[in-house]
Each structure stands twice: as structure tokens, then as C-alpha cells.
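> Once you've had a glance at the structure underneath, I'll fire off some questions.
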Amino acid sequence: MKLFWESGYEGASFDNLVAAMGISPSSFYNSFGSKEQLYAEATNAYLEASGEWFIGILSAPTDTRTAFKRLMEATASEFTRDDLPSGCMISVACVHVPPALQSVREMMTNHRAMARQAMEARIQRGIEEGDIPADTNVEALAGYFNVLARGLAVQARDGASSEQLLEIVQFAMQAFPVRPEP
Numbered sequence: 066m067k068l069f070w071e072s073g074y075e076g077a078s079f080d081n082l083v084a085a086m087g088i089s090p091s092s093f094y095n096s097f098g099s100k101e102q103l104y105a106e107a108t109n110a111y112l113e114a115s116g117e118w119f120i121g122i123l124s125a126p127t128d129t130r131t132a133f134k135r136l137m138e139a140t141a142s143e144f145t146r147d148d149l150p151s152g153c154m155i156s157v158a159c160v161h162v163p164p165a166l167q168s169v170r171e172m173m174t175n176h177r178a179m180a181r182q183a184m185e186a187r188i189q190r191g192i193e194e195g196d197i198p199a200d201t202n203v204e205a206l207a208g209y210f211n212v213l214a215r216g217l218a219v220q221a222r223d224g225a226s227s228e229q230l231l232e233i234v235q236f237a238m239q240a241f242p243v244r245p246e247p
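Throughout the sequence shown, residue numbering follows the working numbering, covering 66 to 247 in sequence.
Encoded structure:
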């Protein structure tokens, strides 16, 4: 997972993968069948780990603005951890690939869409619970925070610190809809 995360799908060579796993080429094919299948498994492992904090924060019993503030703060922290590659394995993965890798691109596009859908669901919940205005454009607001998270991933990958990302988050939170007056 870390090799794919650090090098990307195309940048992680077959030789690098078997060396990183300490297995023979035949064991690789017997275990995974293909590089694409291994990438799918590595991506799923990443999603399982990141989903714990991502979905956990969105599901927490708090108001929507607080949930999104915590989500973006956790994003800044997670994307700059010292023990993992910087950024996000999903955010910029396989955006530009040759036609032969279209299925890998589609897989990553679907993963990115799932994050946005989770954000949309949380915003809709906030509308239903009355903590954000009923006329809030759910898709646009979720899109905004999805783009923010993807941008934080790129900034982290380019060397931005957690503190720098948190400053961006503080500024970005000003765009969150104001809670309706009681």
C-alpha cells in the first residue's frame, strides 16, 4: 500500500512490488493475479484505515459545521503524518493514465465519489436536524469540502506542514452556511 501511495500505480514497478513484499514473481501472480488486483487490495486497505476516522467524524453526534471542521482538521493531520506518505492515496491517484488503465482510473474516480457522497449525506442530515439552512445547496457544499480535502492532499504532498494546512482549514470554514436563527 505504501509503495503504491508513494509512487502511484504506474510508478510502482512489478520488481519494486515483489521486492517490497519479499515474494517471488510466481507467488505474486498466485496471490494477486495482477498488479491491478493488488492495487485494488491496497486501495481497499487504505480506505478501510482512513474510513475509520473519516466516517467516524461524519457520523459523530454533533452539529454539521463542527463535524466538517473536525473532518478537515483531521484531514490536515492525517495527510501530514510522519509514519505514512504525505497526502492521500486516493485524491490524485490515476487522474492521468493511458487508455489501457481506464478501469483503474474508474476505480479511483468511484472511491473519490464515495467520499463526496458521505459528505452530502452528512449535510443532508444537518438540514433535517435543522443545524444548517434548509436552502443549502447540498451538492455544492459537499463539492466544496471535497475539493478542499483534495487540495489539502496536494499541498501536503508538496511539503505543506500540518500547521499550514490547518490555517487553510480555518479560512475555508468561513464558507460554511450560518446556522439558522431559532
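Yeah, the Cβ is synthetic: ideal placement off N, Cα and C, and Gly gets one too.
Remember, it's a predicted structure, so these values are computed and weren't measured experimentally.
Buried or exposed: where does Q239 fall if 16 or more other Cβ atoms within 10 Å of its Cβ makes it buried?
When all chains shown are included, Q239 counts as exposed.
> Looking at S168 and P222, is the spacing between their C-beta atoms short of 8 angstroms?
Correcting the residue type first, residue 222 is Arg in the shown sequence and not Pro. No, the Cβ-Cβ distance between R222 and S168 is not below 8 angstroms.
> May I ask which residues mark the beginning and end of the alpha helix (DSSP H) holding R181?
Start and end: Q167 to E194.
> Output the boundary residues of the alpha helix (DSSP H) element that contains F133.
First-last of the alpha helix (DSSP H) with F133: T129 to E143.
> Could you give the distance in angstroms between the alpha-carbon of E193 and the alpha-carbon of S115?
If I take the Cα positions, the gap works out to 27 angstroms.
> Could you name the residues of the same chain whose beta carbon sits closer than 8 angstroms to that of R170, not counting the 5 residues immediately before and after it, in chain order?
Closer than 8 angstroms at the Cβ level, and outside the excluded window around R170, lie C159, V160 and V162.
> Please go through the same chain and pick out, in chain order, the residues whose beta-carbon is closer than 7 angstroms to the beta-carbon of C153, but skip the five residues on each side of it.
Counting only Cβ-Cβ distances below 7 angstroms, and skipping sequence neighbours, we find F144 and A218.
> In its own chain, which residues sit with a C-beta less than 8 angstroms from the C-beta of V248, not counting the 5 before and 5 after it?
Any question about residue 248 goes unanswered here, given that the chain covers just 66 to 247.
> Starting from the Cα of S156, find the closest Cα among G195, R130, P164 and Y111 and give me that residue.
It is Y111 whose Cα lies nearest to the Cα of S156.
> For a test of the three-state rule: what should DSSP assign to F241, helix, strand or coil?
F241 falls in the coil class under three-state DSSP.
> Give me the Cα-Cα distance between E71 and L149, rounded to the nearest whole angstrom.
In a straight line, the C-alpha of E71 is about 9 angstroms away from that of L149.
> With DSSP as the reference, label S108 as helix, strand or coil.
The residue asked about is misnamed: residue 108 is Thr in this sequence, not Ser. Correct three-state label for T108: helix.
> What number of angstroms, rounded off, separates the C-alpha of Y209 from the C-alpha of N95?
Whole-angstrom Cα-Cα distance: 43 angstroms.
> Need the endpoints of the alpha helix (DSSP H) that N81 sits in, please.
Taken as a continuous stretch (DSSP letters only), the alpha helix (DSSP H) holding N81 covers F79 to M86.
> Please check the pair R215 and R130, which I expect to be a contact at CB under 8 angstroms, by giving their CB distance rounded to whole angstroms.
Wrong, their Cβ atoms sit about 20 angstroms apart, outside the cutoff.
> Can you tell me which of K67, K100, P126 and S78 puts its alpha carbon nearest to the alpha carbon of R187?
Checked all of K67, K100, P126 and S78; the closest Cα to R187 is P126.
> Could you give the first and the last residue of the continuous alpha helix (DSSP H) run that contains L206?
Note, L206: alpha helix (DSSP H), V203 to R222.
> Which whole-angstrom value describes the C-beta separation of F79 and Y104, a residue pair presumed to lie in contact below a C-beta threshold of 8 angstroms?
Not quite, the Cβ-Cβ distance comes to about 12 angstroms (not below 8 angstroms), so this is no contact.
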